[in-house]
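Heads up, the thing below is written out as structure tokens.
6 protein chains.
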Amino acid sequence: MFYHVQSLINPIVLDEPDPSAANALQEGLGGQFGEMRTMMQYLFQSFNFRGDAAPYRDLIQSVGIEEISHVELISKTISQLLDGAPGYKGNKFETPGKGGKPVMDMAKEQKNAHHFIVGAQGSLPVDAAGNPWNGSWVHDHGNLVLNLMDNLVLEATGRLQKCRIYEMSSNKTLRATVSFLIVRDEAHQAAFAKALETLGVDWNKALPIPKFDATKFPEVKRLLDAGIHREQYTFRLDGSEMEKIFSGSAPMNDGTDLVTLKEPKEAFPIPLAPERPEEFAPGLDPELQELADALSEFKKNLANPKKVSVVKKKSRKV
Amino acid sequence: MFYHVQSLINPIVLDEPDPSAANALQEGLGGQFGEMRTMMQYLFQSFNFRGDAAPYRDLIQSVGIEEISHVELISKTISQLLDGAPGYKGNKFETPGKGGKPVMDMAKEQKNAHHFIVGAQGSLPVDAAGNPWNGSWVHDHGNLVLNLMDNLVLEATGRLQKCRIYEMSSNKTLRATVSFLIVRDEAHQAAFAKALETLGVDWNKALPIPKFDATKFPEVKRLLDAGIHREQYTFRLDGSEMEKIFSGSAPMNDGTDLVTLKEPKEAFPIPLAPERPEEFAPGLDPELQELADALSEFKKNLANPKKVSVVKKKSRKV
Amino acid sequence: MFYHVQSLINPIVLDEPDPSAANALQEGLGGQFGEMRTMMQYLFQSFNFRGDAAPYRDLIQSVGIEEISHVELISKTISQLLDGAPGYKGNKFETPGKGGKPVMDMAKEQKNAHHFIVGAQGSLPVDAAGNPWNGSWVHDHGNLVLNLMDNLVLEATGRLQKCRIYEMSSNKTLRATVSFLIVRDEAHQAAFAKALETLGVDWNKALPIPKFDATKFPEVKRLLDAGIHREQYTFRLDGSEMEKIFSGSAPMNDGTDLVTLKEPKEAFPIPLAPERPEEFAPGLDPELQELADALSEFKKNLANPKKVSVVKKKSRKV
Amino acid sequence: MFYHVQSLINPIVLDEPDPSAANALQEGLGGQFGEMRTMMQYLFQSFNFRGDAAPYRDLIQSVGIEEISHVELISKTISQLLDGAPGYKGNKFETPGKGGKPVMDMAKEQKNAHHFIVGAQGSLPVDAAGNPWNGSWVHDHGNLVLNLMDNLVLEATGRLQKCRIYEMSSNKTLRATVSFLIVRDEAHQAAFAKALETLGVDWNKALPIPKFDATKFPEVKRLLDAGIHREQYTFRLDGSEMEKIFSGSAPMNDGTDLVTLKEPKEAFPIPLAPERPEEFAPGLDPELQELADALSEFKKNLANPKKVSVVKKKSRKV
Amino acid sequence: MFYHVQSLINPIVLDEPDPSAANALQEGLGGQFGEMRTMMQYLFQSFNFRGDAAPYRDLIQSVGIEEISHVELISKTISQLLDGAPGYKGNKFETPGKGGKPVMDMAKEQKNAHHFIVGAQGSLPVDAAGNPWNGSWVHDHGNLVLNLMDNLVLEATGRLQKCRIYEMSSNKTLRATVSFLIVRDEAHQAAFAKALETLGVDWNKALPIPKFDATKFPEVKRLLDAGIHREQYTFRLDGSEMEKIFSGSAPMNDGTDLVTLKEPKEAFPIPLAPERPEEFAPGLDPELQELADALSEFKKNLANPKKVSVVKKKSRKV
Amino acid sequence: MFYHVQSLINPIVLDEPDPSAANALQEGLGGQFGEMRTMMQYLFQSFNFRGDAAPYRDLIQSVGIEEISHVELISKTISQLLDGAPGYKGNKFETPGKGGKPVMDMAKEQKNAHHFIVGAQGSLPVDAAGNPWNGSWVHDHGNLVLNLMDNLVLEATGRLQKCRIYEMSSNKTLRATVSFLIVRDEAHQAAFAKALETLGVDWNKALPIPKFDATKFPEVKRLLDAGIHREQYTFRLDGSEMEKIFSGSAPMNDGTDLVTLKEPKEAFPIPLAPERPEEFAPGLDPELQELADALSEFKKNLANPKKVSVVKKKSRKV
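Protein sequences, first through last, are from chains A, B, C, D, E and F.
Letter by letter, the first sequence follows residues 19 to 336 of the working numbering.
Letter by letter, the second sequence follows residues 19 to 336 of the working numbering.
Letter by letter, the third sequence follows residues 19 to 336 of the working numbering.
Letter by letter, the fourth sequence follows residues 19 to 336 of the working numbering.
Letter by letter, the fifth sequence follows residues 19 to 336 of the working numbering.
Letter by letter, the sixth sequence follows residues 19 to 336 of the working numbering.
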């Protein structure tokens with residue numbers, strides 16, 4: 019059974035909208051090696067798990083639970099990168115189209131017109147080429163050694179693709195999220211590689227994939243310095259046997275050690291997404307809005323909704 | 019951010035394996051109107067939510083979180099229904115194939131051979147016709163009224179299909195899960211219909227869909243008597259505004275009232291799935307098993323793993 | 019702009035339900051070479067037609083319009099073949115599930131469970147392997163000679179597959195429809211082959227595909243004797259130039275002549291489909307039914323709805 | 019059985035080519051909520067209709083027939099918007115490529131290269147992201163209330179997406195078609211909402227979706243003023259019971275009334291599409307053209323083919 | 019550039035037709051981890067190979083070339099398993115349908131009706147659930163270590179699935195081919211694992227996947243005894259650097275050694291497939307046959323075509 | 019059984035990178051009418067071939083074998099057109115991202131971001147709209163006349179689309195490959211049209227498709243002058259009966275004659291693809307590179323790897 023808190027696993031850093039960057043990041047969400055797949059693959063493997071080797075099941079499932087929070091994080095990041103129809107800065111209840119003006123004129127030139135026609139400048143369950151996510155990508159072979167190797171390939175590909183996306187834009191909103199995922203994908207490589215190490219494999223210097231000095235990416239370096247690439251979280255409210263695997267020396271054989279925690283040391287607020295009247299989102303006209311307001315007392319706490327999206331003070335720099 | 023407990027939202031009731039029933043139930047998992055879609059649709063809608071009408075976002079998201087637990091429940095049910103190659107009752111480490119005997123001879127005649135070739139007698143992210151789940155089925159229009167109506171159609175279709183599946187088998191494993199989902203899909207219809215009611219719609223006697231006397235299904239009746247069709251859970255560790263919508267009279271206009279709870283009143287153990295040596299699942303041979311056992315002390319607690327799958331005492335009858 | 023009459027292009031002949039035959043016939047509806055494709059392919063080709071060679075456009079479009087009526091015919095045939103859950107003969111408003119009995123127990127063993135879970139024993143836009151129809155199958159190359167050849171291949175494949183389906187069942191409902199389509203696909207081969215003949219190609223004895231003595235199929239023979247394989251209809255309310263192509267000797271070079279007509283010489287009643295309470299179709303409970311009846315005076319004309327499905331007297335034997 | 023007239027349901031208004039606008043409009047044709055789906059969904063629902071509630075069947079089918087004409091209209095509009103390879107104004111029989119010059123150099127930069135490589139600057143059965151249309155999007159649940167609600171959601175989404183597309187371009191060719199569809203999608207919302215009203219639902223002020231003052235779109239306003247959003251056509255040559263539902267006050271509860279007509283009050287000419295030699299469309303070289311001309315006397319009526327595409331006089335302004 | 023000889027890489031062993039076995043074997047041909055994917059994945063990786071590490075490129079490509087021959091072998095095996103419509107043993111030119119008899123009555127009950135409707139009892143590019151092969155399954159990450167690991171996972175899954183298929187039937191036609199593929203997939207695991215070993219990984223006892231005593235499958239044992247699991251072939255007419263990797267001790271660390279050869283030591287005849295008149299395959303009627311015979315002198319060598327399909331004497335037992 | 023030589027069937031001509039041209043060319047590789055389909059379609063048809071008409075099987079298969087070499091050629095051409103991230107000219111082992119610089123900033127604006135995120139600037143098994151290749155496009159009807167006609171349509175469409183792509187760019191790398199394919203697709207049209215001619219069809223002046231003076235494309239003219247459009251190769255190491263069909267006058271009826279050869283008169287070197295450090299391709303860091311170099315002596319022959327990609331002297335001009 020699953021639970022939720024209204025917090026993000028990494029902060030949304032504000033910068034200018036960039037629909038092309040949003041489109042590239044879709045690969046990390048709905049692509050064949052994106053977070054929707056990692057989430058579903060690990061959940062299916064843990065739900066279908068056979069035998070009594072609980073530490074392996076708990077390890078796979080813990081990563082799967084984290085991936086739901088990654089889907090949440092990427093989704094919010096894409097939404098932030100898309101926000102605001104190019105060339106349009108309307109207010110709520112302002113007339114859509116402003117009497118016929120093509121206020122979303124530039125939208126049809128963007129990489130995936132679905133971000134504007136189908137969704138309301140929000141994330142979609144598709145990849146960077148616009149293909150919908152496909153269930154055939156979820157692999158659960160039933161065989162433990164094979165599943166662990168498949169998962170390692172999946173995390174390696176995830177990290178490889180995100181390193182490439184990092185190099186495609188200097189947008190801070192994009193990079194904050196992508197850098198976090200690069201670091202977490204290394205932690206997840208460590209998780210599956212370590213599990214294979216318990217079954218005899220010695221990785222020597224082959225990991226992580228890709229093999230390069232990731233501290234050259236400044237945003238990544240800050241997270242590496244904080245050790246986030248060597249932590250794994252159980253996200254379990256009732257105990258877990260994962261630590262039996264995820265502890266001791268990292269399988270990268272670089273002198274670092276693995277640490278199992280219940281949850282990340284920090285959590286971050288989820289910024290409110292402003293209304294987009296040109297998208298009819300949420301599209302409550304004054305009559306309907308009055309009905310909605312009547313049941314919600316929540317609005318009085320929102321004198322300045324923009325402020326909510328400012329990240330609270332914390333020790334880790336972003 | 020998401021969390022997990024190792025419990026099921028409804029018990030797995032034991033009965034004979036029935037691969038055809040397992041295949042029919044795949045529609046409820048990976049079908050166009052199954053739980054993988056409801057889960058992703060509501061999560062995307064809540065992650066992309068625009069505006070400050072928090073009670074609506076919290077309502078949509080609460081159902082989305084519950085659907086992850088439904089995916090878990092159906093996945094376990096399908097695995098239980100498939101368990102054991104027809105005609106084969108092997109022990110662990112027994113020779114696969116028994117010196118060339120076709121121990122899974124009947125498997126190739128089953129509805130979806132992938133249950134035996136691709137998976138190891140476990141659930142798959144596909145529908146009852148073997149088609150993989152497709153991301154295009156996830157709808158997030160951005161427009162609140164439209165999203166609520168789309169969600170209502172989705173829950174109505176889910177309940178309709180599960181009522182049909184109920185009539186296809188008297189297998190107790192199948193019916194326990196399907197009956198629970200029929201009842202929860204009615205609760206979810208109530209959630210989205212009630213939200214539309216707050217925006218002015220009066221449903222009169224049109225709901226729920228399908229409209230019939232569901233107490234004629236005995237397993238469903240027990241759950242209706244327990245009022246489970248009028249509860250909704252927040253699954254939130256940090257508070258929720260959902261109750262502002264989900265309370266008062268049910269939109270079915272049948273004299274019942276809606277109740278918001280933090281979580282279901284009961285949780286149920288997750289049965290261990292036995293090894294299937296003919297599937298090489300998990301496939302640890304003695305050498306590898308020894309390595310796995312060395313790190314796990316967990317086995318000593320499992321003198322009789324079969325016992326774990328017995329459902330603990332509880333007040334609600336299943 | 020399109021119009022409709024509530025008549026079928028060929029009669030539905032009654033026989034026993036046969037879900038496997040229904041599934042095979044799906045290939046003719048939603049398969050890669052089925053009627054949904056022929057309809058969309060010819061309509062797209064005629065809508066996108068370039069240049070002033072109107073007789074070719076009118077010929078292509080006339081076949082396209084006919085294909086909509088073929089979709090209608092196959093759809094009704096499949097529905098007829100599926101009608102009635104195996105083992106269940108319920109009455110309207112009878113309790114679905116009959117107090118928990120698995121009245122559709124055999125349904126989950128049928129070829130495509132979607133016929134019973136997703137649809138209510140009606141046709142689906144899928145092929146005989148359960149794959150959904152796909153837009154990539156629609157070919158409009160823009161080039162006239164190529165389009166005509168592609169269309170000829172399409173009709174040849176349609177006829178080939180239907181000849182194979184004919185051999186798979188002696189069910190009269192299936193064979194009446196399949197035989198009609200075998201004959202019409204030959205007419206359509208004639209249409210496109212004749213158009214290519216006007217551009218210089220001589221087919222000699224290569225057509226039709228497949229090449230065999232079709233009079234050995236008795237139901238086909240009756241239609242051939244009536245000359246239905248050498249007629250083509252314009253289905254145009256405002257004139258057509260098709261006859262400039264579709265007249266004179268058939269391109270099969272067998273001594274027959276082509277005849278252009280406005281519409282088929284006969285039309286046939288559309289049988290009413292009975293309610294299926296176990297499918298909740300249409301699922302109007304007494305309260306809703308009363309509302310529906312209040313607005314419809316139509317029921318009084320239906321003392322015996324079964325009778326409506328009896329085919330009216332006509333000269334052509336089926 | 020279906021019939022056709024060579025007329026459009028709304029005029030094609032001439033403006034400059036705009037391939038990006040053409041691509042956006044593909045969503046309205048081959049998208050998940052586009053006209054190909056509405057057409058197939060309503061036709062399947064009416065062909066598979068169970069029970070004797072003929073007015074509901076006739077209503078659903080009438081909208082389905084209209085959608086075929088919408089497919090025709092959008093197809094022609096897209097073709098018009100694409101017409102002419104960017105940078106190329108060739109004459110018929112002029113040498114393709116002009117001795118090696120890249121006369122379609124800009125084509126490979128357009129949103130969907132298939133418009134130029136696969137089709138000959140004509141419409142395709144795909145959405146605005148280039149994904150082919152998929153049969154799984156066609157919903158026929160068999161249950162009447164559910165089908166009506168699903169159809170309402172479909173029309174609401176169609177109108178929402180078209181309102182967004184309207185805002186993406188001021189191209190007159192695009193806007194004439196999109197505005198017409200916005201208005202017709204409102205009529206279709208009225209049709210399905212009214213049918214649900216006969217079964218007890220009261221929509222109060224929730225409709226239409228999206229809820230906004232559509233008269234702010236000038237092209238839409240002209241059609242609203244003409245009342246086209248409150249008409250529905252039977253397109254039946256042999257009578258229909260639709261009017262039993264589609265009459266009286268609109269379910270939008272805005273004081274307007276619904277009107278059932280046999281067909282639209284006006285019809286419009288279908289403009290000829292000029293040849294595109296650089297696409298080899300239709301690609302008849304002089305030898306083949308001579309053969310084609312020999313059988314067609316039609317050309318002498320086309321002294322000035324451009325003139326044919328001028329819209330005839332009519333009372334409604336476009 | 020590629021070349022061909024008309025020989026098979028393993029013999030077709032004759033046994034009774036078994037359409038269900040044929041369907042299961044489709045997973046090995048058109049499944050996500052079947053030979054069509056291995057072939058395309060390794061060819062793409064070798065065509066796109068970057069850098070100067072030729073031995074790795076040659077190794078990957080050699081396996082890719084072998085996979086084309088595996089596609090050939092599985093295709094022939096499936097055709098052999100399907101051959102002959104159940105219940106029908108017609109002669110050439112015999113009347114299809116035998117005057118209306120449903121000579122393929124059982125065909126519509128088989129696992130994939132496409133084998134009989136779409137193909138003429140031959141192999142299809144689909145998996146065992148009837149889903150068409152999909153290009154997204156081809157992985158070429160560009161990164162050498164990752165590609166090698168992905169390939170190892172692919173071969174491991176291929177071998178796992180084939181071991182499961184082996185257990186599903188004792189049909190000799192099926193088992194001869196499946197056993198050969200089990201052994202070759204182990205050789206290919208050795209190839210990619212050895213390449214990773216050259217980059218530092220030590221596999222200890224984790225390989226092959228699945229880990230079990232494969233000599234318990236008698237047909238497999240004969241091939242293992244012949245050492246075919248430790249050979250790899252270059253299939254290169256102009257030299258290869260593969261042997262620099264594929265030599266020395268096997269990465270399974272079981273005391274065996276790897277051997278690089280130009281090609282397999284034996285080749286086997288390709289059996290002629292008999293005509294299937296009920297499928298209209300090849301469908302040459304007497305007129306067309308006469309034309310075909312006129313150009314072919316080949317028939318006189320075929321007094322008894324059945325004989326050609328008998329496997330010639332050879333040292334390795336099958 | 020298949021073999022390979024490390025040579026190309028046509029030379030790669032060097033020019034500037036052009037990612038849009040690369041994307042357009044993807045249609046010729048992974049499109050519905052591209053080389054992946056022709057290759058698989060002809061191989062399946064020849065593997066599944068029924069009957070004893072060996073010359074037809076050999077003809078179909080010979081074209082299929084050639085198509086593998088076309089896949090190889092297009093793959094290399096696309097890789098060449100993509101090579102080098104826009105704006106980046108890094109050296110091996112240079113820091114990816116150069117300390118955080120977005121060195122692939124322009125990549126996210128290219129037509130298919132997958133070329134840079136998923137692949138490492140190499141070809142993909144997708145079409146020009148980014149859709150993955152689909153197995154349903156492979157047609158093997160079993161019927162010989164129909165298969166030949168289908169193949170002719172396929173080659174005609176391939177040539178049509180490549181003629182359009184030719185007109186989209188003057189890039190020499192693109193045009194060298196596209197022109198070769200235009201000419202070969204004409205040879206393949208000749209092959210299938212001639213086979214139909216042996217069965218009675220007379221094509222008169224309808225072929226080739228498209229019908230125009232292809233000598234107006236200068237690169238095509240050079241190949242036509244060399245007669246490459248009238249040659250077909252057996253690619254068989256053990257004899258073929260293809261020449262019985264492919265000889266005598268061309269079915270285009272233009273006075274030319276068909277010539278059967280064992281293989282093309284010339285072969286061309288395969289250029290090495292340079293490393294792309296920003297893609298981590300192949301991504302061997304100094305530690306791993308040292309291991310790879312240790313086993314390869316091949317590098318010493320590569321003083322200047324650029325030189326290898328220069329096309330060797332030959333008589334035919336490109």
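All C-beta atoms, glycine included, are put in the ideal place defined by N, C-alpha and C.
These numbers come from a predicted model, not from an experiment.
**Report entry** C-alpha distance - Glu281 of chain B paired with Tyr184 of chain B, whole-angstrom precision
**Finding:** Taking the second sequence and counting its residues from 1, one reaches residue 281 of chain B at position 263. Taking the second sequence and counting its residues from 1, one reaches residue 184 of chain B at position 166. If I take the Cα positions, the gap works out to 26 Å.
Query - CB contact check: His132 of chain C to chain B, cutoff 7 Å - result: As a working note, residue 132 of chain C is residue 114 in the third sequence. Interface criterion met: the Cβ of His132 of chain C is under 7 Å from a Cβ in chain B.
Query raised in the report: Is the beta carbon of Asp145 of chain B sitting closer than 7 Å to the one on Arg177 of chain B?
Result: Here residue 145 of chain B corresponds to residue number 127 of the second sequence, with the count starting at 1. Here residue 177 of chain B corresponds to residue number 159 of the second sequence, with the count starting at 1. No, they are not a contact pair.
Report task. Output yes if chain A places a C-beta closer than 7 Å to the C-beta of Met54 of chain E; else output no. Result -> Against the fifth sequence, residue 54 of chain E aligns to sequence position 36. So no, Met54 of chain E is outside the interface.
Query - Closest residue to Asp275 of chain D among D:Ser265, D:Lys283, D:Glu284 (Cα-Cα distance) - result: If you number the fourth sequence from 1, residue 275 of chain D lands on position 257. Of D:Ser265, D:Lys283, D:Glu284, the residue nearest in Cα terms is D:Ser265.
Requested in this report: Could you name the residues of the same chain whose beta carbon sits closer than 8 Å to that of Leu170 of chain F, not counting the 5 residues immediately before and after it, in chain order?
Outcome: Here residue 170 of chain F refers to the residue found at position 152 of the sixth sequence. Result list for Leu170 of chain F: Gln207, Phe210, Ala211, Leu214, in chain order.
Query raised in the report: the region 284 to 303 of chain C: which residues have C-beta closer than 8 Å to a C-beta of chain D, in chain order?
Result: Of all residues in the region 284 to 303 of chain C, Ala285, Leu290, Ala291, Pro292, Glu293, Arg294, Glu297, Phe298, Ala299, Pro300, Gly301, Leu302 have a Cβ within less than 8 Å of some Cβ in chain D.
Query raised in the report: Would you report the Cα separation of Val196 of chain B and Leu290 of chain D, rounded to the nearest angstrom?
Result: Counting from 1 along the second sequence, the entry for residue 196 of chain B is found at position 178. Counting from 1 along the fourth sequence, the entry for residue 290 of chain D is found at position 272. Inter-residue distance for Val196 of chain B and Leu290 of chain D is about 57 Å (C-alpha atoms, whole angstroms).
Query raised in the report: Between which two residues does the beta strand (DSSP E) carrying Thr278 of chain D extend?
Result: Indexing the fourth sequence from 1 puts residue 278 of chain D at position 260. Where Thr278 of chain D is concerned, the enclosing beta strand (DSSP E) stretches over 275 to 279.
Query - Nearest residue (CA-CA) to Thr191 of chain D, options D:Ala42, D:Asp303, D:Tyr21, D:Gln24 - result: By one-based count along the fourth sequence, residue 191 of chain D stands at place 173. When each option's Cα is compared against that of Thr191 of chain D, the closest is D:Ala42.
Query raised in the report: Does DSSP classify Ala72 of chain B as helix, strand or coil?
Result: To locate residue 72 of chain B, count along the second sequence from 1; it is residue 54. Under the three-state reduction of DSSP output, Ala72 of chain B falls in the helix class.
Report task. Starting from the beta carbon of Asn149 of chain D, find every residue of chain A whose beta carbon is closer than 8 Å, and list them in chain order. Result -> Residue numbering aside, residue 149 of chain D sits at position 131 when the fourth sequence is read from its first letter. Neighbours of Asn149 of chain D on chain A, chain order: Gly148, Asn149, Pro150.
Requested in this report: Verify whether the separation of the beta carbon atoms of Ala125 of chain F and Asn130 of chain D is less than 7 Å.
Outcome: As a working note, residue 125 of chain F is residue 107 in the sixth sequence. As a working note, residue 130 of chain D is residue 112 in the fourth sequence. Taking 7 Å as the Cβ cut-off, Ala125 of chain F and Asn130 of chain D do not qualify as a contacting pair.
Query raised in the report: Using the rule of at least 16 other Cβ atoms within 10 Å of the residue's Cβ for burial, across every protein chain shown, is Gly117 of chain E buried or exposed?
Result: Sequence index remark: in the fifth sequence, residue 117 of chain E carries index 99 (1-based). Under this definition Gly117 of chain E is an exposed residue.
**Report entry** Residue nearest to Pro287 of chain E in terms of C-alpha spacing, selected from E:Ile30, E:Tyr21, E:His22
**Finding:** On the fifth sequence, position 269 is the one that residue 287 of chain E refers to. Nearest C-alpha to Pro287 of chain E: E:Ile30.
Query raised in the report: According to DSSP, is Val144 of chain E helix, strand or coil?
Result: Locating residue 144 of chain E in the fifth sequence gives position 126, counting from the first residue. Val144 of chain E falls in the strand class under three-state DSSP.
**Report entry** CA-to-CA distance, Glu127 of chain D to Met186 of chain F, given in whole angstroms
**Finding:** The residue labelled residue 186 of chain F in the question sits at position 168 within the sixth sequence. The residue labelled residue 127 of chain D in the question sits at position 109 within the fourth sequence. Taking the CA atoms as reference points, Met186 of chain F sits about 9 Å from Glu127 of chain D.
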